[in-house]
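In my numbering, the protein residues as written are 1 to 280.
Here the structure comes first, spelled out in structure tokens, and everything after it is commentary.
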């Protein structure tokens, strides 16, 4: 493990690290921790905690102190860059009012968490570690608190399933379900996911999902994904140093020209014009 940058406080340690690991390994977690893999995005690792069933690890997980994670090998690349946030039990109890294991009894439910708000917080922490700005420590600690709360809200909602009033004329998706959909869209690196894939993520039929989605957002799935992609593009253009080509492929477009056409259609200006204006 190679540490690229880190921030340390009395109760927490936040590190940007490069990992290399053997074909299969056991990870002993001595602290409460959040792990967020920045790249590669789609690594395909699977693992399990204790005697639980194996599951997809995704690129974001929260692990309580004392847990043991067994990671399986599926012929994937054994290198990754990740953000690792370690914090003491007293830190988490002060933040949430209870220990992690008291809030969520099943440890494996922390694995593969999908929450776009938490991911955005963790990504901003990584950028701040690489290029610290004014009041960097305060920003990092604030973002870490927000990320943990967002993850815990998402995981906690799994134990309180959304109740749909069948008598209501327009049932809607819950906040947790919308978080999962937004995260699935933003995580995709090979173009927008299909409506069938989004519906399947929540266990709905396509037609029922379309009705719920429009009732919740006031938009069709396609309209929502287009608007979300534009917001992602604006954020990357304004806040990152990625080249236009890198942004193009990160958002799932086939070429810079197709990205430019879509961006101009939605915003009225080219990506280059938007970037120049955002930086002046």
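Note that beta-carbon positions come from the ideal geometry of N, C-alpha and C, so glycine has one too.
None of the values given here were measured: they were computed from a predicted structure.
Please report the straight-line C-alpha distance between residue 123 and residue 38, rounded to a whole angstrom. 8 Å
To which residues of the same chain is residue 99 closer than 8 Å at the C-beta, ignoring the five residues directly before and after it? 64, 89, 92 and 93
How many angstroms separate the CA atom of residue 241 from the CA atom of residue 252? 18 Å
Short Cβ contact (7 Å threshold) for residue 138 with residue 121: no
Can you have a look at residue 280 and say buried or exposed, based on whether 16 or more other CB atoms are within 10 angstroms of its CB? exposed
Using the Cα positions of residue 26 and residue 188, report the straight-line distance between them to the nearest angstrom. 28 Å
List the endpoints of the continuous beta strand (DSSP E) containing residue 2. 2-8
Secondary structure of residue 282, DSSP reduced to three states: This structure cannot speak to residue 282, because the chain is shown only from 1 to 280.
Apply the 10 Å Cβ neighbour rule to residue 59 and answer buried if 16 or more other Cβ atoms are within range, or exposed otherwise. buried
Backbone secondary structure at residue 85 - three-state DSSP: strand
Are residue 176 and residue 154 closer than 7 Å when you measure CB to CB? yes
Please list, in chain order, all residues of the same chain as residue 193 whose beta carbon is under 8 Å from its beta carbon, the five residues on each side excluded. 184 and 185
Determine the closest residue to residue 150 out of 222, 276, 119 and 278, with distance taken between C-alpha atoms. 119
If you measure between the beta carbons of residue 173 and residue 229, is that distance less than 7 Å? no
Identify the residues that DSSP records as bridge partners of residue 15: which are they? 6 and 84
Ordered along the chain, which non-local residues of its own chain (more than five positions away) have a Cβ less than 8 Å from that of residue 130? 4, 5 and 16
What are the boundary residues of the beta strand (DSSP E) that includes residue 32? 32-39
With 16 other Cβ atoms within 10 Å as the buried cut-off, status of residue 14: buried
Can you give the Cα-Cα distance for residue 20 and residue 80, rounded to whole angstroms? 7 Å
With a Cβ-Cβ cutoff of 7 Å, do residue 114 and residue 35 count as a contact? no
So, helix, strand or coil for residue 20, using DSSP? strand
Cα-Cα separation between residue 220 and residue 208, rounded to whole angstroms: 13 Å
Round the Cβ separation of residue 180 and residue 195 to the nearest angstrom and send it over; I've been treating them as touching at under 8 Å. At roughly 15 Å, the Cβ-Cβ gap does not stay under 8 Å, so residue 180 and residue 195 are not in contact.
Is the separation between the beta-carbon of residue 289 and that of residue 259 shorter than 7 Å? Look at the range of the chain in this structure, 1 to 280, and you will see that residue 289 is not part of it.
Looking at C-alpha atoms only, which residue of 86, 255 and 274 is the closest neighbour of residue 144? 86
Just the Cα atoms here: how many angstroms apart are residue 97 and residue 276? 45 Å
Between the alpha carbons of residue 223 and residue 246, how many angstroms are there, rounded? 24 Å
So residue 237 and residue 274 are in contact, right, with Cβ under 8 Å, and what is the actual spacing, rounded? 5 Å
My assumption, with CB atoms under 8 Å, is that residue 206 sits in contact with residue 116. Please give the rounded CB distance. No, residue 206 and residue 116 are not in contact; Cβ-Cβ is about 22 Å, not under 8 Å.
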